[in-house]
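Before any comments, here is the structure.
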Amino acid sequence: MGPSYVAAGNDQFDNLEKHTQWGIDILEKYIKFVKERTEIELSYAKQLRNLAKKYQPKKNSKEEEEYRYTACKAFLSTLNEMNDYAGQHEVISENMTSHITVELARYVQELKQERKSYFHEGRKAQQHIEICWKQLESSKRRFERDCKEADRAQQYFEKMDADINVTKADVEKARQQAQVRHQMAEDSRADYSSILQKFNREQHEYYHTHIPNIFQKIQEMEERRIVRIGESMKTYAEVDRQVIPIIGKCLDEIVKAAESIDQKNDSQLVIEAYKSGFEPPGDVEFEDYTQPMKRTVSDNSLSNSRGEGKAELKFGGKSKGKLWPFIKKNKSPKQQKEPLSHRFNEFMTSKPKMHCFRSLKRGGATPEDFSNLPPEQRRKKLQQKVDELNKEIQKEMDQRDAITKMKDVYLKNPQMGDPASLDHKLTEVSQNIEKLRLEAQKFEAWLAEVEGRLPARGDQARRQSGLYDAQDPATVPNCAQDRESPDGSYTEEQSQESEVKVLAADFDDEFDDEEPLPAIGTCKALYTFEGQNEGTISVVEGETLYVIEEDKGDGWTRIRRSEEEEGYVPTSYVEVYLDKNAKGAKTYI
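With the sequence shown counted from 1, adding 4 to any position gets you my numbering.
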């Protein structure tokens, strides 16, 4: 047997009571410690989740497009793993709460009740032995008193019996009194002896039975408490240990995501995202300044120059010159004298050309046909729009099929519903499908137009540069066939159209400037306009300029400042005075 609390002394009852209370306080302190740890785990998990949520890409935003790159995907995987990582800390908190704090709190309540019952039993045994001791003391004092009284009565009798002057009656009375006192002493003695024997038995039972049993129970209670707190500490460690493999998997997934980063793939995505579809610029021609009046006009640095291989076109009728559509006219002497390095920098930093000037809107709104984008980017946007419209069409068709089936059910089972109540909805869905189909056809037509011109998707198809069939003007697109700038227009009247004779098999994208378009009037600038887009021209309020092309219905008028400065301005920014007798640029819509 191990050591016993009885060996500590039977008079240490109060000390044991204090010690057991201290043990309960230690247990409650540990419970509080674990509870605070669970709160820390929950707070940490919450902060991790908020952190991961903060850096998650927002839906329908530009950030979603960024996560096509492997580095961003790896970062997204890290955020997702951090969510799982936070979840494991929540598991730690939940398990510690259920397996430690809740269990120990219940055990503490049971321990307090058990301790209270043991000490109540001990107090009761103490009170009983104290009562027995008081009874023993009382009987002892009574026996002592009766013995003293008997001695005094005996001495008085003997004194009376020796005195010759005392009557015989007084002596007899004294003798009887002494006998009575003696008998009382004997009774007190017997009572004291009985109570003493009883107390000794009670005391023996108290110190050798009751108190040892109570102390033994208290000792077992304390040992169970110590074992329980030790088991709780083991559970505390095991709860942490159980999530270590899962946390390790989270970290392994983060490492795996990091290893999946492919710089080559990301570079290819960048190339695909920003590939314009433009052809590289051709060689810059040598400009011979030694031959006055015969200086060659340099081609645009963004087009392939072929001096001798260009097609020669002849116009008949009343036309005095070769009036080409889309002629580049907005060339200033300063631009021609720029060094090669400046031209190259301009090419590298220039914005994509407008493929359809009709789509330009004041305020910088994106055209519906994405004509403000380079060919390749425009193709991707149009393809994306077509796919979205096809998905919407399929969704509407599924809805129509569902309504049709429901109508059939109503026709077969009229008690389930009125078939006529679905006609309005069915008509509405059919109208939506038709609208979406028309919209999809429009974007598919634009997409086919772009795909037919992209060099990467064919045998370097040439841009349409005015080679339209003169007998079928209806085939001319509204966007003037993907003009690279708003310069140039159709200036020939229909009565003056003649057959275009092609003397060369291939045509370049641009044409030599033969003769400027004639002025058809003048205009006065009502407001100042900063022409920042290619094909536009800047004007100052109050300035007077020449009109060479009327507004074709798109809100733009073509004007000229000098022989080499012309471009488009918003019609609302100028006041036009047309010359009725001028035979200038006419338009068709």
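We put the CB at the ideal spot given by N, CA and C, even for glycine.
Assignment of beta-bridge partners to W560 by DSSP yields P574. G557 and Q388 have their C-alpha atoms roughly 30 Å apart. In terms of Cβ geometry, Y572 and T540 form a close pair [threshold 7 Å]. Apart from the 5 residues on each side of it in sequence, Q181 sits with its Cβ closer than 6 Å to the Cβ of A157 in its chain, given in chain order. Taking C-alpha positions only, I397 is separated from L430 by approximately 14 Å. For T548, the enclosing beta strand (DSSP E) covers residues T548 to E553. For G539, no alpha helix (DSSP H) encloses it, and the DSSP letter there is neither H nor E. Selection A154, Q223, G456 and R149 evaluated against E21 yields Q223 as nearest (Cα-Cα). According to the DSSP assignment, K584 belongs to no beta strand (DSSP E), since it is labelled neither H nor E. Under the DSSP assignment, T74 falls outside any beta strand (DSSP E), being part of the alpha helix (DSSP H) whose first and last residues are T74 to M100. For S121, the secondary structure class from DSSP, reduced to helix, strand or coil, is helix. In the structure shown, the three-state DSSP call for V580 is strand.
Taking every protein chain shown into account, the CB of N99 has 16 or more other CB atoms within 10 angstroms, so this residue is buried.
The Cβ-Cβ distance between L440 and L386 does not fall below 7 Å. Under the three-state reduction of DSSP output, K279 falls in the coil class, being neither helix nor strand. Taking all protein chains in view, the Cβ of D256 is surrounded by fewer than 16 other Cβ atoms within 10 Å, so the residue is classified as exposed. Between the stretch 244-261 and the stretch 129-143, the count of C-beta pairs closer than 8 Å stays below three; the two stretches do not touch. Contact check for S236 and I30: beta-carbon distance about 12 Å, past the 8 Å limit, so the pair fails to qualify. Taking a 10 Å sphere around the C-beta of S271, we find fewer than 16 other C-beta atoms and assign the residue as exposed. Each residue's CA atom was taken as its position, placing M188 and S198 some 15 Å apart.
Note that the stretch 543-552 touches the stretch 519-531; at least 3 beta-carbon pairs, one per stretch, sit closer than 8 Å. A straight line joining the alpha-carbon of A406 with that of E400 spans about 10 Å. A contact is defined here as three or more CB-CB pairs under 8 Å, and the stretch 76-83 fails this definition with respect to the stretch 37-47. When C-beta atoms of the stretch 212-228 are compared with those of the stretch 110-125, three or more pairs fall below 8 Å, so the two segments count as touching. When DSSP reads this structure, A529 sits in a beta bridge with V578.
Between E380 and S280, the CB-CB gap stays under 7 Å. Inter-residue distance for A109 and Y48 is about 24 Å (C-alpha atoms, whole angstroms). Under the three-state reduction of DSSP output, S566 falls in the strand class. With respect to the C-alpha of I251, the residue from R229, E289 and V95 having the closest C-alpha is V95. Within the model, the alpha-carbon separation for R193 versus Q207 is close to 21 Å.
At the C-beta level, C136 and F37 stay beyond 7 Å of one another.
DSSP, reduced to helix, strand and coil, places V112 within a helical segment of the structure shown. When the alpha-carbon of I215 is set against those of L530, D412 and E125, the nearest one is in E125.
The straight-line gap separating the alpha-carbon atoms of I437 and E568 is approximately 51 Å.
For K33, the uninterrupted alpha helix (DSSP H) segment begins and ends at F17 to K58. Cα atoms of Y414 and Q445: separation of roughly 35 Å, rounded to the nearest angstrom.
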